[in-house]
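Which chain is which? The protein sequence lines are E and H, in order.
Going by our numbering, the residue at position 125 of the first sequence is 1170; the numbering climbs one at a time, nothing skipped.
Going by our numbering, the residue at position 373 of the second sequence is 575; the numbering climbs one at a time, nothing skipped.
Note that the Cβ used here is the ideal one computed from N, Cα and C, for glycine as well.
Remember, predicted model here, so these are calculated numbers, not experimental data.
Structure first, commentary second.
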Amino acid sequence: MKDIREIESQIQKIKAALADERESVQDLETLIGQRIEAELWGLSKKELEKEAWDSFFLLDRNKDCLGEEPIVSHRKFSGAAIVLYKKVLRALLRPHTKTILARQSRFNRELIRLHLANILRLEKIEERVAALEATAPASRTEQG
Amino acid sequence: MVDEPKLRQAAGASSRKFSRLIRRTLEERKKVSQDTLNSLFLRWLRSRPAAEGSRRLPLLVDDLARHKGIQSAWNLLSFLEVALRLRRPRVGIYDHAFHYIGGAQKYGSTIAQTLQDDFEVTLLANKPVALADLQSWYGLDLSRCRLKVVPLPFFEEKGRHPQIVDAGEVDTCRDENPFHPVSRESGNYDIFINNGMLEMVYPLANTSLFICHFPERKKSRYFYVRRYTEIVHNSLYTARWIEKRWNLTPHKHIYPPVDMEPAVFPLKKENIILSVSRFDEGGNKQQLDMIRVFEEFVRSQPREMAGWKLVLVGGSPSHNPYLERIQAYLQQPRAAEIELRVNVSASELKSEYGRAKIFWHFCGLGQTDPAKVEHFGMTVAEAMQNGCVPVVFRGGGQTEIVEDSLSGFLFSSEKELTDKTLGLLENPGRLEEMSVSAHQRGKAFRHEVFTDAVRSYLQGLLASRFSE
């Protein structure tokens, strides 16, 4: 690099612009651009339940894949042309993608129903096991 | 997966191609680590003309912020500043208990002192504490360090202890993670060192170290130790428990600094058996058991024990039920000579070490909880530096400090303790020889050994992680 000072001043400029934005973000997950996932191995039963429900609600919120994300470009001059091009392309492909995505959305909904049913079934089984455990010492005494 | 060789080649050949490939990688959400991105950008900036780099950098950083979060863009810029030697690396050393005197806090403060000339060091605490306090508590010079207090609203709530930050109070199913303010703060440093072994702090710095003095808690939903670049452990005992309890393999072993060496050696010794340990409110250090064993020892061996006394030294808070029990016990007439010394100054402590011939330490005897066994055993090493022959419980970090029958003795039962102590009393020549061996062995844990290890470790990390 011939002129390190030029790079230095550019880094400073970008950092100054980024600093306010970074400061304004309160949520840690937004700051790092991803969900902070817990390690499931080694968690207690109560924590696993909490994780299962959190994941379930996340899936439920995102089951519909028909919603379209906005098309944007950060480029100063060519940006408008790129956005227009992508919008046209999207409109042309919509009839085909809609069919596929509608099937995917149906599949997602069913899968989420299945998960919910399984979580509820597991809860019922746990209740039953707890009830059986509560009566188990008495049965052993009877057998003994 | 990202095609790293292709990206690396583009970084060295063409700015246009590199920009295109990076953008595509980010847009297609390919898995690429922060370390890889840092190294690619550094290669690209180094191999292209400055004007070209400085023109394209803002756009690429903007892309990075949009796809991988603002922190990722921030980390990249911070990495470039350090790797291009535009500024000194920033180190943040966090300990939620910096406002208390403790062995772990001495460990963190000594790291700060060691690094302050080569790094910009900031000590991060949760409760107010002055740098001057840390300097006087541990006899350190922290004049080139800064201190920042990061308050945790959760622990400031009404009804909580005003001085204690206890992660055990957090209900991981109900409460939001209260340590997120510290996690956020960690992103302001190039190297973040979590010295308080708080596994709930999510590190955001480019390089992060988790110093573990013992894995106290089991894994929870807020367990982020795996996110750290490396785990440092204070003893092999701690390392074993990190593997057992957390299923993680620690990376670097650095024993704590022990600086109790006398100016001259050998010292003029007296017939004293010394115990130095905090008067733990729960009685974890077992001083009361030690008093009873000593009394029984004096009763059973009146000839050998004539003229010997037991001196118990340790720190304690003002109200301590366990200490009050010991004081009440010692107020009754006793057959043995026992002295109790609470909250003595550093110079008085040094003088006690200098006078004692033998050092007893019970902590861990009869315990089933591994956290209640000494994780290292700082006072054992301090005693050895002063030529006290240690007779200590065979467990925890103490087995790493004392070489049994060479520089001291290890015991598993009270009988073994008294038998081995008696062996020393009956053979003054052996006691003197062992005193010299203990002194020699104590040198292995000197302050300089610690600072050399820390300096070379951090310099190595800097060289390997802040380069292409």
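{"Query": "At 9 Å on the CB atoms, spell out the chain C contacts of ILE1077/E, in chain order.", "Result": "Included in the structure are the protein chains E and H, with no chain C among them."}
{"Query": "Tell me the residue span of the beta strand (DSSP E) that contains THR324/H.", "Result": "322 to 327"}
{"Query": "Anything in chain E within Cβ reach of VAL263/H, meaning under 7 Å, just list it in chain order.", "Result": "ILE1059"}
{"Query": "Going by DSSP in three states, GLY516/H sits in which element: helix, strand or coil?", "Result": "strand"}
{"Query": "Determine which residues of the stretch 372 to 386 of chain H have a Cβ less than 7 Å from any Cβ of chain E, and write them out in chain order.", "Result": "THR374, CYS375, HIS382, SER385 and ARG386"}
{"Query": "Sort GLY597/H, GLY599/H and GLY625/H by Cα distance to SER607/H and report the nearest one.", "Result": "GLY625/H"}
{"Query": "For SER637/H, name the three-state secondary structure that DSSP assigns.", "Result": "helix"}
{"Query": "With DSSP as the reference, label GLU1094/E as helix, strand or coil.", "Result": "helix"}
{"Query": "If the cut is a Cβ gap below 8 Å, which residues of chain H does LEU1063/E touch?", "Result": "VAL263, ALA267, ILE272, ALA275, TRP276 and LEU279"}
{"Query": "Identify, in the order they occur along the chain, each residue of the same chain with its Cβ nearer than 8 Å to the Cβ of VAL367/H, setting aside the five sequence neighbours on each side.", "Result": "HIS298, ALA299, ASN328, LYS329, LEU354 and PHE357"}
{"Query": "For GLN1188/E, count neighbouring C-beta atoms within 10 Å of its own C-beta (all shown protein chains included) and say buried if the count is 16 or more, exposed if not.", "Result": "Unreliable placement is indicated for GLN1188/E, whose pLDDT of 48 sits below 50; the coordinate value is still reported in the next sentence. Exposed, since its Cβ has fewer than 16 Cβ neighbours within 10 Å."}
{"Query": "Opposite VAL594/H in the DSSP bridges: which residues?", "Result": "HIS563/H and LEU612/H"}
{"Query": "Taking the alpha-carbon positions, what's the LEU532/H to SER477/H distance?", "Result": "16 Å"}
{"Query": "Can you check whether the C-beta of GLU1051/E is within less than 9 Å of a C-beta belonging to chain H?", "Result": "yes"}
{"Query": "For GLY556/H, does the count of other Cβ atoms within 10 angstroms reach 16, so buried, or fall short, so exposed?", "Result": "buried"}
{"Query": "Taking only the alpha-carbon atoms, compute the straight-line gap between GLU519/H and ALA646/H and give it to the nearest angstrom.", "Result": "Just to set this straight, residue 519/H is Pro in the shown sequence, not Glu. Going from the Cα of PRO519/H to the Cα of ALA646/H covers about 32 Å."}
{"Query": "Quick check: what's the CA-CA separation for GLU576/H versus ASP265/H?", "Result": "50 Å"}
{"Query": "Name, in chain order, the residues that DSSP records as bridge partners for GLY294/H.", "Result": "THR324/H and PHE394/H"}
{"Query": "Mind listing, in chain order, the continuous beta strand (DSSP E) runs of no fewer than 3 residues lying wholly within the stretch 467 to 496 of chain H?", "Result": "472 to 478"}
{"Query": "So with Cβ pairs under 9 Å, would you call TYR309/H a contact of chain E?", "Result": "no"}
{"Query": "Please list the partners that GLY1112/E has in chain H, where partner means a Cβ-to-Cβ separation under 9 Å.", "Result": "Under the 9 Å cutoff, chain H gives no residues; its nearest Cβ is about 18 Å from GLY1112/E."}
{"Query": "Is the Cβ of GLN1055/E closer than 9 Å to any Cβ of chain H?", "Result": "yes"}
{"Query": "Does DSSP put VAL1133/E in a helix, in a strand, or in coil?", "Result": "helix"}
{"Query": "What's the call for VAL594/H, buried or exposed, on a 16-neighbour Cβ count within 10 Å?", "Result": "buried"}
{"Query": "Please list the segments of the alpha helix (DSSP H) lying wholly inside the stretch 335 to 367 of chain H, counting only runs of 4 or more residues, in order along the chain.", "Result": "355 to 358"}
{"Query": "Closest Cβ-Cβ distance between GLU1187/E and chain H: below 9 Å?", "Result": "A caution first: GLU1187/E carries a pLDDT of 49, below 50, which makes its placement in the model too unreliable to give a value."}
{"Query": "Using a Cβ-Cβ cut-off of 9 Å, state whether VAL1070/E counts as contacting chain H.", "Result": "yes"}
{"Query": "Can you tell me whether DSSP reads ASP1109/E as helix, strand or coil?", "Result": "coil"}
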